[in-house]
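J.: Residue numbers (our numbering): 13 to 165. Just so it is clear, CB atoms sit at the ideal spot from N, CA and C, and this is done for glycine as well. Note that the coordinates shown come from a computational prediction; the quantities given were computed from them, not determined experimentally. Just dropping this structure here.
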Ligand SMILES: [Zn+2]
C-alpha cells in the first residue's frame with residue numbers, strides 16, 4: 013500500500029505539481045541540470061546564485077502563443093516561475109536548452125530586461141536579446157563563454 017501511494021505521488025509530481033508542502037519549490041527534472049548550470053556559471057564569474065534565497069520554479073508546458081518559447085512569470089509573494097514551451101523543448105538542442113534557461117533566468121533571477129544591441133557583424137551582443145529577428149545569435153561552444161560573461165557582468 014505504501015509503495016502504491018509512493019508511485020502515485022511520484023507520478024503526480026512528474027506530470028502536475030502535487031505539493032504536500034506549499035513552500036516547496038518545484039523545478040521539473042528536465043530543467044534542473046540547466047538551473048544548476050546557471051548557478052555554476054554565475055559562481056565562476058563571482059555572482060552568488062542562491063536559489064534557496066531567491067527560489068525560482070520551472071516547468072515545461074504548452075505555451076499557446078507559438079512565438080514564445082519560454083517566459084518568466086513574475087509573481088508577488090511567491091517564487092517567480094519559468095515556463096518553457098513543450099514543443100520547443102522537445103525539439104531543442106542542448107545549446108538551445110541552455111540558452112533559453114540562461115535567458116529566462118536572466119529575467120527571473122537577475123531581473124534583466126532585453127538587450128538587442130549588435131556588434132559590427134550584426135551578431136547579438138547579449139543572451140538577453142528579444143528575438144533572433146533583432147540580431148544573429150550564434151550560441152555554441154566557441155561563443156558561450158563570452159555570452160555568459162556578458163550575462164553575469
Ligand atoms: Zn526575454
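Considering only C-alpha positions, which residue in the set 51, 76 and 120 is nearest to residue 99?
T.: Cα-wise, what sits closest to residue 99 is 76.
J.: Taking only heavy atoms of ligand 3 into account, decide whether any of them is closer than 6 Å to the Cβ of residue 129.
T.: Of the ligands this structure carries, namely ligand 1, none is ligand 3.
J.: Please confirm whether residue 119 and residue 142 have their CB atoms less than 7 Å apart.
T.: Cβ distance not < 7 Å, so residue 119 and residue 142 don't count as in contact.
J.: What do you reckon, are the CB atoms on residue 137 and residue 131 nearer than 7 Å?
T.: Yes, they are a contact pair.
J.: Mind pulling the alpha helix (DSSP H) runs of 4 or more residues that sit fully within the region 102-157?
T.: Correct list: 106-120.
J.: I'd like to check one pair, residue 82 with residue 39: are the Cβ atoms closer than 7 Å?
T.: No; because the gap between Cβ atoms is not below 7 Å, this pair is not in contact.
J.: So for residue 54, helix, strand or coil by DSSP?
T.: Three-state result, residue 54: helix.
J.: Please report the residue range of the beta strand (DSSP E) in which residue 65 lies.
T.: Where residue 65 is concerned, there is no enclosing beta strand (DSSP E), given that its DSSP letter is neither H nor E.
J.: To the nearest angstrom, report how far apart residue 155 and residue 145 are at their CA atoms.
T.: Rounded to whole angstroms, residue 155 to residue 145 spans 19 Å at the Cα level.
J.: Can you tell me the Cα-Cα spacing of residue 63 and residue 148, whole angstroms?
T.: Their backbone Cα atoms lie some 31 Å apart in a straight line.
J.: Please tell me whether residue 53 and residue 124 are closer than 7 Å, where the distance is taken between their beta carbons.
T.: Contact: no.
J.: Quick one, which of 90, 104 and 51 has its alpha-carbon nearest residue 72's?
T.: The shortest Cα separation from residue 72 among 90, 104 and 51 belongs to 104.
J.: Could you tell me how far apart the beta carbons of residue 110 and residue 94 are, in whole angstroms, since I believe they sit closer than 8 Å?
T.: Contact flag wrong, Cβ pair sits at about 13 Å.
J.: Which residues in the same chain as residue 113 place their Cβ atom closer than 6 Å to its Cβ, once the five residues preceding and following it in sequence are excluded?
T.: If we look at residue 113 and ignore the five residues flanking it on each side, its Cβ neighbours are 46.
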